[in-house]
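In what follows, a structure is listed as structure tokens, so that the remarks can point back to it.
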Amino acid sequence: MATVSLKKLTKRYGNMEIVHGIDLDIADREFIALVGPSGCGKSTTLRMIAGLEDISGGNIDIGGRVVNDLPPRSRNISMVFQSYALYPHMTVRENLGFSLKIAGAAKDDMDRRVAEASAILGLDELLDRRPSQLSGGQRQRVAMGRAIVRDPDVFLFDEPLSNLDAKLRTQMRTEIKKLHAKVKSTVIYVTHDQVEAM
Numbered sequence: 003m004a005t006v007s008l009k010k011l012t013k014r015y016g017n018m019e020i021v022h023g024i025d026l027d028i029a030d031r032e033f034i035a036l037v038g039p040s041g042c043g044k045s046t047t048l049r050m051i052a053g054l055e056d057i058s059g060g061n062i063d064i065g066g067r068v069v070n071d072l073p074p075r076s077r078n079i080s081m082v083f084q085s086y087a088l089y090p091h092m093t094v095r096e097n098l099g100f101s102l103k104i105a106g107a108a109k110d111d112m113d114r115r116v117a118e119a120s121a122i123l124g125l126d127e128l129l130d131r132r133p134s135q136l137s138g139g140q141r142q143r144v145a146m147g148r149a150i151v152r153d154p155d156v157f158l159f160d161e162p163l164s165n166l167d168a169k170l171r172t173q174m175r176t177e178i179k180k181l182h183a184k185v186k187s188t189v190i191y192v193t194h195d196q197v198e199a200m
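Each number in the numbering used here corresponds to the 1-based position in the sequence shown with 2 added.
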């Protein structure tokens with residue numbers, strides 16, 4: 003697992019500064035929520051941590067190393083978006099194991115990690131279904147499972163519940179808390195919803 007440290011992190015688009023020199027230290031295994039209105043730079047900050055967005059200034063340190071110039075795949079992070087980003091032609095099992103397959107993981111290791119993630123998230127009975135056969139909450143759990151199988155140092159959640167109805171959001175908040183307790187990883191969670199953040 004890992005600490006995350008942002009030092010004077012800045013993002014500019016042309017002359018417009020969007021992220022204004024953030025200083026933030028996140029302890030190993032801490033769960034932190036970045037909350038604010040749309041357009042305040044919270045998702046941009048998350049994308050910079052992930053390496054999906056270039057930084058304009060400052061440093062990002064993950065696990066004691068500056069990662070400013072490292073590509074996303076070299077940062078050992080997993081990101082869950084508000085859109086589930088599941089492959090519709092693959093089963094839940096195939097979706098969960100896809101990143102491991104691409105990375106060339108051994109089949110027995112891949113099967114073990116998929117089984118562990120499936121057990122944590124209660125997906126065992128859904129492994130042979132396709133995304134079109136799942137509810138919104140089930141799809142979101144599969145998206146979280148895809149992140150878990152990678153065994154990342156840091157989980158990044160970018161408004162993962164915003165596409166769900168109020169009842170399901172409440173249920174999934176509980177699931178995310180349970181997930182954090184089980185996997186004991188550092189989690190950075192972005193939302194505009196103050197209730198969700200608390």
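Built from N, CA and C at the ideal position, the CB exists for glycine as well. Since this is a predicted model, take the numbers as computed values, not measurements.
Given this structure, state the Cα-to-Cα distance separating residue i from residue j, to the nearest angstrom.
| i | j | result |
| --- | --- | --- |
| LYS9 | ARG132 | 42 Å |
| PHE55 | ALA35 | Here residue 55 turns out to be Glu, not Phe, going by the sequence shown. About 20 Å. |
| GLU96 | SER134 | 14 Å |
| ARG152 | ALA119 | 10 Å |
| ALA168 | PHE157 | 23 Å |
| VAL37 | ILE62 | 19 Å |
| ARG114 | GLU19 | 45 Å |
| LEU181 | ALA121 | 11 Å |
| LEU11 | ARG143 | 31 Å |
| TYR89 | SER137 | 15 Å |
| ASN70 | GLY41 | 23 Å |
| GLY16 | GLU32 | 34 Å |
| ARG148 | SER164 | 19 Å |
| ASP25 | GLU127 | 44 Å |
| ARG171 | LEU123 | 15 Å |
| ALA108 | PRO39 | 43 Å |
| SER7 | ASP30 | 10 Å |
| LEU125 | ASP110 | 19 Å |
Can you find the residues in the same chain that come closer than 8 Å, C-beta to C-beta, to residue i, ignoring five residues on each side of it along the sequence?
| i | result |
| --- | --- |
| GLN173 | GLY139 |
| VAL68 | ASN61 and ILE62 |
| GLY45 | The sequence shown places Ser at residue 45, not Gly. Once the five neighbours on either side are set aside, the close Cβ partners of SER45 are ASP160, GLU161 and VAL192. |
| LEU72 | GLY53 |
| MET50 | LEU11, LYS13, VAL21, ASP56, ILE57 and ILE62 |
| SER101 | ARG148, VAL151 and ARG152 |
Can the beta-carbon of residue i be found closer than 8 Å to that of residue j?
| i | j | result |
| --- | --- | --- |
| ARG77 | GLY106 | no |
| ALA183 | ALA145 | no |
| VAL82 | LEU98 | no |
| LEU129 | VAL185 | no |
Compute the beta-carbon to beta-carbon distance between residue i and residue j, rounded to the nearest angstrom, for a pair I have assumed lies under 8 Å.
| i | j | result |
| --- | --- | --- |
| GLY43 | THR5 | That belief does not hold up - the Cβ atoms of GLY43 and THR5 are roughly 22 Å apart, past 8 Å. |
| SER80 | LYS13 | So it is not a contact: roughly 22 Å between Cβ atoms. |
| THR188 | GLU161 | Contact flag wrong, Cβ pair sits at about 18 Å. |
| ILE178 | ILE28 | Contact flag wrong, Cβ pair sits at about 16 Å. |
| LYS103 | MET92 | Between MET92 and LYS103 the Cβ distance is about 10 Å, and since that is not below 8 Å, they are no contact. |
So is residue i buried or exposed if we call it buried at 16+ other beta carbons inside 10 Å?
| i | result |
| --- | --- |
| ILE150 | buried |
| THR176 | exposed |
| PRO154 | buried |
| GLY23 | exposed |
Which residues in the same chain as residue i place their Cβ atom closer than 6 Å to its Cβ, once the five residues preceding and following it in sequence are excluded?
| i | result |
| --- | --- |
| LEU48 | LEU158, ASP160 and VAL192 |
Near residue i, what residues of its chain come up, given a Cβ to Cβ distance below 7 Å and the 5 sequence neighbours on each side ignored?
| i | result |
| --- | --- |
| PRO74 | ALA52, GLY53 and LEU54 |
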